[in-house]
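**Student:** Heads up: the protein sequence lines correspond to chains A and B, in order.
The opening position of the first sequence corresponds to residue 382 in my numbering, with each subsequent residue numbered one higher.
The opening position of the second sequence corresponds to residue 23 in my numbering, with each subsequent residue numbered one higher.
A virtual CB, placed ideally from N, CA and C, is assigned to each residue, including glycine.
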Amino acid sequence: MRNYLENNLARFVHILRHLGITVSTGETITALKALQLVDIMQKEHVRRTLQATLVKNHEEEPVFIRAFDSFFAVPEVKRQQQQEWQESKDERAQLIAEAEQDLTYLGEQLEIGEEEKLLYSQLAEEEKRKIKNYLEASFLPEDRHHAFKPMLEFQVRGSLRYWKQRLAEEGELPLMPGAGVDDEILAAVGQELGNTDGNLLYEDMKRIGDRDLPRVTNILKKLSRKMATKISRRYRMSKKVVKIDLRHSIKSNIRYGGIIFNLKYRQKRVQKPSILLLCDVSGSMARYAAFVIQFIYGLSAVIRHIESFIFSEELEPVTPYFKRIRPFEVTMAELIGKSRIWGKGTNFGVSLNTLQSRFPLLLTPHTVIMVVSDTKTLELERAEKELAGIKRSVKEILWLNTLPHDEWKDLRSVSMFQKYAQMYECYTLAHLEKVLRRQFLH
Amino acid sequence: MQPDKITIEQLRSGFEKNGYVAEDEITVPVYLALRLEKPILITGAPGVGKTEIAKVLSGVFGTDLIRLQCYEGLDENKALYEWNYQRQLIKIQLIRESASEEAVEQDLFSSEYLLERPILKAIQAPKKVVLLIDEIDKTDEEFEAFLFEVLSDFQVSIPELGTIKSRHIPMVVLTNNGERELSDGLKRRCVFLYIDYPSVEKEIRIIRVKVPEAGERLAEEVALAMSCLRHSLDLKKKPSISEALDLAHALVLYGATRLEPEWVQKTINLLLKDKEDLDLFNGQVGSAGLVEIVRSEQAKRH
């Protein structure tokens with residue numbers, strides 16, 4: 382019985398860690414000791430015990446509760462979970478096998494990854510046929526097979542990558558069955574969390590529908606308000622002892638005959654940051670820009686100066702729009718209506734050049750530049766050169782990249798801009814909050 | 023009753039006797055903290071009853087409550103101990119010519135000149151006490167690091183006096199308003215409890231316990247009004263339980279038996295203390311609107 386409890390707890394902790402909840406070994410031991418103090422036949426007490434000893438952030442409690450309910454489910458539910466997981470695994474294996482049948486060159490399988498095979502098997506029939514026909518039509522004399530096959534694999538991978546990006550942009554990327562999950566509980570909890578409406582914090586901002594915009598505005602307001610309080614505390618003058626102010630100490634202790642009873646200290650004033658925001662508003666980026674601008678302006682009470690620009694094929698200053706006190710939605714509507722560049726193609730190099738030539742006074746050693754963009758631009762080399770030039774005049778460049786981290790390796794622009802900017806993955810509100818918190822609170 | 027031998031049932035009834043309405047969500051973590059002799063870290067919005075738990079614990083076990091109120095810049099001197107410099111200086115002046123240097127030094131760094139601050143007081147107390155470290159998120163990270171050292175060993179080293187071990191491990195309650203992220207080290211050492219705003223049923227019970235003069239119907243209407251304000255409006259500062267109790271008290275003082283628009287008008291400043299929140303309330307709901315919502319919710323419940 383003892384072993385049974387310990388094993389179960391260890392497995393449950395393993396699942397929590399997979400779900401992103403940090404649990405130390407010490408906490409696991411405490412949880413085990415705590416379980417011995419409650420009646421383990423009372424499910425509610427067990428849940429409260431594990432919650433109190435393993436989960437130390439209120440935000441993680443919903444995930445914990447779902448994990449607990451799935452893990453300690455009644456046998457019928459467990460059997461169903463097991464069955465669904467098995468079905469999902471079988472479906473995955475079947476899809477991969479189908480793709481392997483199609484993706485061959487002269488009877489030999491192409492060497493491409495499992496996720497790519499899964500994507501292929503879920504493409505529309507017409508697209509699949511195009512790839513298949515291409516493979517069938519491609520052949521070279523037998524002695525050059527081995528040199529030709531890697532080229533074909535490279536081309537097929539490129540084509541699949543294109544489809545992945547396109548489907549993602551259109552919001553039609555199919556769900557990969559059983560992807561990356563080796564446990565039925567994890568699969569069940571993951572699925573349930575994914576189905577829950579109300580996880581807007583973790584939703585790709587691009588996919589947030591108009592229906593949810595008022596809720597997002599509320600979330601952004603709350604996040605920025607919370608962070609504003611934190612930042613203002615951070616930059617208030619500290620009461621901590623820094624350096625003795627001898628002059629004041631002597632003066633205030635004259636009444637004690639020169640014996641120093643009360644020491645007086647000097648304090649250092651901390652400067653709030655100045656921010657220059659550059660938001661990419663080309664086609665697919667516009668939605669992100671609207672959210673980021675909204676969040677940053679929520680912080681305007683504590684950030685000394687914010688200068689905002691939007692860019693696509695050129696640069697446009699937008700700060701004046703926000704100087705008048707009006708509801709944010711009205712301001713954004715006016716901005717989008719009047720902008721000549723909203724939704725056009727991207728030329729980052731030209732935009733940066735305009736910034737340097739028309740607004741040189743904004744680029745000071747105190748300025749932190751925040752770029753919100755997916756890094757895709759025309760004239761990549763020019764953009765890199767301009768960015769390098771600007772880096773020399775400012776304190777720091779932060780790049781909020783709206784592409785998921787695992788896609789960065791596919792783009793040359795990412796590695797080129799990373800040389801001059803600290804780049805962060807930022808396509809959900811949770812990412813945005815995390816990046817800003819890290820930048821302003823540490 | 024011994025804290026380290028108590029049962030969940032005994033704790034629940036102890037809470038009730040001391041006027042604190044608590045269900046499993048609160049009693050289980052508090053019980054675990056007592057039995058495991060670990061600090062309990064309580065988070066939640068202001069006014070949901072975090073600090074009250076420490077007061078209730080001291081009532082349940084008939085022991086002292088030692089409070090350390092945290093603020094930015096709080097350091098060891100204010101939390102742990104400090105030498106009474108002024109007294110030491112006066113002593114030096116008095117015995118300047120009469121005593122040897124060594125004797126003076128020994129005398130000056132004795133417990134007579136030691137100013138005990140809350141943590142040392144709790145460690146040295148002759149019986150188990152409740153140590154309340156209130157609003158820990160207001161301190162700096164350095165202090166937090168110092169604190170979790172003390173909380174793991176319950177002993178303090180004073181260079182001039184040596185190590186002082188606790189006679190009884192105090193019941194430590196830390197409260198946190200969530201203004202700042204606390205370090206993992208501190209969280210790891212504590213049992214965690216998050217207190218949310220109460221459900222309507224629970225709030226009715228709280229009002230009945232704390233303001234018995236309010237009666238069943240008025241208590242229900244106040245609780246429903248609170249729930250409406252908390253959930254329907256995007257307020258900067260949501261009204262807390264203590265503010266609900268203030269409202270109930272005020273209504274009793276006015277002699278009200280039901281929530282009416284004129285009473286809401288007169289007492290709304292007890293609940294909403296921010297101009298923007300007041301404007302939002304008046305613009306979107308208004309006193310008459312609130313009473314209307316309360317009445318319709320009340321009708322659904324009966």
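Kindly give me the distance between the Cβ atoms of B/L173 and B/R211, rounded to whole angstroms, as I take these residues to be in contact under 8 Å.
**Tutor:** Sure, about 6 Å apart at Cβ, within 8 Å.
**Student:** Taking C-beta to C-beta, are B/E265 and B/G69 nearer than 8 Å?
**Tutor:** yes
**Student:** Identify the continuous beta strand (DSSP E) that holds A/I589 and give its terminal residues.
**Tutor:** Note, A/I589: premise wrong, no beta strand (DSSP E); not H, not E.
**Student:** A/Y669: buried (16+ other C-beta within 10 angstroms of its C-beta) or exposed?
**Tutor:** buried
**Student:** So what does B/M193 bridge to, in DSSP terms?
**Tutor:** B/V152
**Student:** Run the CB neighbour count on A/N782, radius 10 Å, all protein chains shown included, and call it buried at 16 or more, exposed below.
**Tutor:** buried
**Student:** Excluding the five sequence neighbours on either side, which residues of its own chain have a C-beta within less than 6 Å of the C-beta of B/S35, listed in chain order?
**Tutor:** For B/S35, where only same-chain residues beyond five positions count, there are no Cβ hits under 6 Å.
**Student:** If the cut is a Cβ gap below 9 Å, which residues of chain A does B/R178 touch?
**Tutor:** Sequence inspection shows Val at residue 178 of chain B; the Arg mentioned does not correspond to that position. Here the premise fails: no neighbours, minimum Cβ distance about 21 Å.
**Student:** Along chain A, in chain order, which residues have C-beta atoms closer than 8 Å to that of B/K187?
**Tutor:** What B/K187 touches in chain A: nothing, since even the nearest Cβ is about 22 Å away.
**Student:** On the criterion of 16 or more Cβ atoms from any shown chain inside 10 Å, does B/L312 qualify as buried, or is it exposed?
**Tutor:** buried
**Student:** Taking 8 Å as the CB-CB limit, is B/T161 close to chain A?
**Tutor:** Put simply, the CB of B/T161 is far from chain A, with every gap to its CB atoms at 8 Å or more.
**Student:** Whole angstroms is fine: what's the gap from A/W846's alpha carbon to A/V537's?
**Tutor:** Any answer about residue 846 of chain A is impossible in this case: the structure gives chain A only from 382 up to 823.
**Student:** DSSP three-state call for B/K187: helix, strand or coil?
**Tutor:** In the structure shown, B/K187 adopts extended strand secondary structure according to DSSP, grouped into three states.
**Student:** Under 7 Å Cβ to Cβ from A/T577, same chain only, skipping five residues before and after it: list those, please.
**Tutor:** Below a pLDDT of 50, predicted positions are generally treated as unreliable, and A/T577, at 48, falls in that range; the measurement from the model is reported next regardless. Once the five neighbours on either side are set aside, A/T577 has no close Cβ partner at all.
**Student:** Nearest to A/E806 by CA position, among A/M586, A/D593, A/K632 and A/L491, is which residue?
**Tutor:** A/M586
**Student:** By the 10 Å Cβ neighbour count, where 16 or more other Cβ atoms means buried, how is A/G718 classified, buried or exposed?
**Tutor:** exposed
**Student:** For A/G579 and chain B, any beta-carbon pair shorter than 8 Å?
**Tutor:** A caution first: A/G579 carries a pLDDT of 48, below 50, which makes its placement in the model unreliable, though a value can still be read off. Taking Cβ atoms only, chain B never reaches closer than 8 Å to A/G579, which makes this a no.
**Student:** Would you verify that the beta carbon of B/Q108 is, or is not, closer than 8 Å to some beta carbon of chain A?
**Tutor:** Chain A contact via Cβ: present.
**Student:** Along chain A, in chain order, which residues have C-beta atoms closer than 8 Å to that of B/F214?
**Tutor:** Q432, A433, T434, V436 and K437
**Student:** With 8 Å as the threshold, decide whether the Cβ of A/R636 is near any Cβ in chain B.
**Tutor:** No, A/R636 does not count as interfacial toward chain B.
**Student:** On the three-state DSSP scale, how would you describe B/P291?
**Tutor:** The sequence shown places Asn at residue 291 of chain B, rather than the Pro named in the question. Residue state, collapsed to three classes: helix.
**Student:** Rank A/K645, A/G638 and A/L416 by C-alpha distance to the C-alpha of A/S630 and give the top, closest one.
**Tutor:** A/K645
**Student:** What's the call for B/K295, buried or exposed, on a 16-neighbour Cβ count within 10 Å?
**Tutor:** exposed
**Student:** For the region 403-415 of chain A, which residues have a beta carbon sitting closer than 9 Å to at least one beta carbon of chain B?
**Tutor:** T403, S405, G407, E408, T411, K414 and A415
**Student:** Answer yes or no: does any C-beta atom of chain B fall closer than 8 Å to that of A/H823?
**Tutor:** With a pLDDT of only 49 at A/H823, under the threshold of 50, the placement of this residue in the model should not be trusted; the figure read from the coordinates follows. Answer no: the Cβ-Cβ gap between A/H823 and chain B never drops below 8 Å.
**Student:** Does A/R510 have its Cβ less than 8 Å from a Cβ in chain B?
**Tutor:** Output row for A/R510: interface = no.
**Student:** Start and end of the beta strand (DSSP E) containing A/D483?
**Tutor:** Unbroken run through A/D483 is the alpha helix (DSSP H), P456 to D483; no beta strand (DSSP E).
**Student:** Whose Cβ in chain B lies nearer than 9 Å to the Cβ of A/I640?
**Tutor:** In chain order: L111 and Q115.
**Student:** List the DSSP bridge partners of A/M804.
**Tutor:** DSSP output for A/M804 lists A/W780 as bridge partner(s).
**Student:** Which partner residues of B/V213 appear in the DSSP bridge assignment?
**Tutor:** B/I62
**Student:** Would you mind sorting B/K150 into buried or exposed? The rule is 16 or more other CB atoms within 10 Å of its CB.
**Tutor:** buried
**Student:** Three-state secondary structure (DSSP) at A/N599?
**Tutor:** The answer is helix: DSSP assigns A/N599 an H, G or I state.
**Student:** Name the chain B residues that come within less than 8 Å of A/E814, Cβ to Cβ?
**Tutor:** What A/E814 touches in chain B: nothing, since even the nearest Cβ is about 12 Å away.
**Student:** To the nearest angstrom, how far is the alpha carbon of A/N643 from that of B/L111?
**Tutor:** 12 Å
**Student:** Would you say B/P261 reaches chain A, if we count a Cβ-Cβ gap shorter than 8 Å as a contact?
**Tutor:** no
**Student:** Following the continuous alpha helix (DSSP H) through A/R510, name the residue where it begins and the one where it ends.
**Tutor:** Element bounds for A/R510: E506 to A518.
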